[in-house]
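1 is the number of the first residue of the sequence shown in the UniProt record's numbering; add one for each residue after it. Ideal placement from N, C-alpha and C gives every residue a C-beta, glycine not left out. Given the structure is predicted, the values throughout are model-derived calculations rather than measurements. Since the structure comes first, as structure tokens, the remarks are kept for the end.
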Amino acid sequence: VTYTLERKSTWKIKIDSTATKETPIMMSGHHYWNLEAYQETEDLIGHYAQLYASKFVATDKQLLPNGTLTDVSSTPMDFRKPKSVGRGIETTKPGEFCGDGE
Numbered sequence: 001v002t003y004t005l006e007r008k009s010t011w012k013i014k015i016d017s018t019a020t021k022e023t024p025i026m027m028s029g030h031h032y033w034n035l036e037a038y039q040e041t042e043d044l045i046g047h048y049a050q051l052y053a054s055k056f057v058a059t060d061k062q063l064l065p066n067g068t069l070t071d072v073s074s075t076p077m078d079f080r081k082p083k084s085v086g087r088g089i090e091t092t093k094p095g096e097f098c099g100d101g102e
């Protein structure tokens with residue numbers, strides 16, 4: 001895991017992994033939950049995020065990854081360009097997680 005603080009208060013998190021054969025992998029962290037440092041807010045609706053992920057791993061009814069990679073295009077999970085976290089959050093289905101290593 002590599003953390004980089006760039007200009008304009010941009011915080012980059014880069015996660016790399018190596019596998020010996022094809023396998024679904026969920027490399028994630030929840031670093032974004034404290035976006036306003038120590039200022040109290042009730043939610044993250046007004047925050048913006050960008051995720052370099054064109055697919056997300058679908059889950060079953062128990063929210064376990066089922067190995068299916070779903071394209072983020074035209075879904076609330078499409079954060080390839082910066083957008084408000086609140087935009088579309090109500091339509092996101094439980095278990096939709098971004099990430100494909102791209």
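Endpoints, the beta strand (DSSP E) within which residue i is located
i, result
"PRO76", "Taken as a continuous stretch (DSSP letters only), PRO76 belongs to no beta strand (DSSP E), as it is neither H nor E."
"VAL1", "Neither: VAL1 is in no beta strand (DSSP E) and is coded neither H nor E."
"MET57", "One point to set straight first is that residue 57 is Val, not Met, in the sequence displayed. Taken as a continuous stretch (DSSP letters only), the beta strand (DSSP E) holding VAL57 covers 55 to 59."
Residue i versus the options, residue with shortest Cα-Cα distance
i, options, result
"SER74", "SER54, ALA19 and THR2", "SER54"
"LYS81", "PHE56, GLN50, GLN62 and GLY67", "GLN50"
"THR59", "GLU6, SER9, ILE25 and LYS12", "ILE25"
"LYS83", "LYS12, LYS61 and HIS47", "HIS47"
"THR23", "PHE79, LEU69, LYS12 and VAL85", "LEU69"
"ILE15", "VAL57, GLN62 and THR2", "THR2"
"PRO76", "PRO65, GLN62, LEU64 and PHE56", "PHE56"
"LYS12", "GLY67, ILE45, GLN62 and TYR52", "TYR52"
One or two residues paired with residue i in a DSSP bridge
i, result
"LYS12", "THR4"
"LYS83", "ALA49"
"THR70", "PHE56"
"PRO65", "THR59"
Beta-carbon separation (whole angstroms), residue i vs residue j, contact threshold 8 Å
i, j, result
"ASP78", "VAL85", "That pair is no contact at about 12 Å."
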